[in-house]
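The sequence shown stops at residue 439 when you use the numbering used here, and every number in between is there.
What follows is one structure encoded as structure tokens, with my remarks underneath.
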Amino acid sequence: MALQGVRVDAPVQRRSGAGPSDDNHVLVDGANAALPINPQSPYLVRDGRLMRGSVDTGLSVQVVPRPRFYDLVTADGVPYEKIARLHGADVLATTVVQTCIRYAEQDRCRFCAIEESLRSGSTIAAKTPAQLAEVAEAAVRLDGVRQMVMTTGTTAGPDRGARYLARCVRAVAEAVPGLPIQVQCEPPADLSVLTTLREAGATAIGIHVESLDEEVRRRWMPGKATVPMEQYEAAWDEAVRVFGRNRVSTYL
């Protein structure tokens, strides 16, 4: 299904952006899944069952309903869904800064489209801490959101966006005490910023290297490849010390 997609009408969708794109959110036997919608797929959802042709695969599929917080707007007129999106059934996700210093053609990660959703008008360039707190409170209250993920485009400062993430985390943690929040950023030059993130209220962190192969890094993420592996390794070690075991992750 991940390759061939599925035929189903899913109201919660994700188009090109910083994370999973061109997919639709469903629950497969109760587990969150993001699957491409393909009208030619051999897989079809019928009456809550996943069919391949006329054969029941034995899996149930539940479409994630459109969240109620998508219908709200901030006091300054920004639709909530341009500030944060529902991922799966109960995860609120946002890219706090929708631009990246590595997005020039010669630098960009070949798999990332972080600024395309901005160009399409489906999001805004920077989400303020107050906006994120407002949306998070509504998402928890109206739609049962149980955790939040905040990522960011890499910024020009030595912290690479981590300090602004900390401001956003602090605002959300004050508005929705106890909400688990994962943050995602490049390794900051000053590793003490990781402690700042934890003290702000972040409960987990992703520091995404994408590949451990230097040739692959140079080919597929030329901008990020300028950050030495040693910096990633040092950041992972410090993050484990600050956040604890099983609270630090990376994408490969």
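In this text, a Cβ means the ideal position worked out from N, Cα and C, and glycines have one as well.
Keep in mind that this is a model prediction, so the values were computed, not measured.
Item	Value
Taking its Cβ as the centre, do 16 or more other Cβ atoms sit within 10 Å of F298, making it buried, or is it exposed?	exposed
Does the CB of D377 have a neighbour CB from chain B at under 9 Å?	The chain labelled as chain B is not found in the depicted structure, where only one protein chain is given.
In the DSSP assignment, find the unbroken beta strand (DSSP E) run with V250 in it and report its ends.	V242 to V250
Tell me the residue span of the alpha helix (DSSP H) that contains Y230.	Unbroken run through Y230 is the beta strand (DSSP E), Y230 to R233; no alpha helix (DSSP H).
Select from E292, Q249 and V232 the residue whose C-alpha is nearest the C-alpha of V242.	V232
Going along the chain, which residues of its own chain have a beta-carbon closer than 6 Å to the beta-carbon of A360, five neighbours each way excluded?	G388
Are the segment 295-309 and the segment 248-258 touching, with three or more C-beta to C-beta distances below 8 Å?	no
Which word fits G192, buried or exposed, when buried means at least 16 other C-beta atoms lie within 10 angstroms of its C-beta?	buried
Would you mind listing the beta strand (DSSP E) stretches within the segment 315-359 that are 3+ residues and don't spill past its ends, in chain order?	334-338
Closer than 6 Å by C-beta to R272: which residues in its own chain qualify, once you throw out the five before and the five after it? Chain order, please.	A280
Near V332, what residues of its chain come up, given a Cβ to Cβ distance below 6 Å and the 5 sequence neighbours on each side ignored?	D277, L279 and A326
By the 10 Å Cβ neighbour count, where 16 or more other Cβ atoms means buried, how is L237 classified, buried or exposed?	buried
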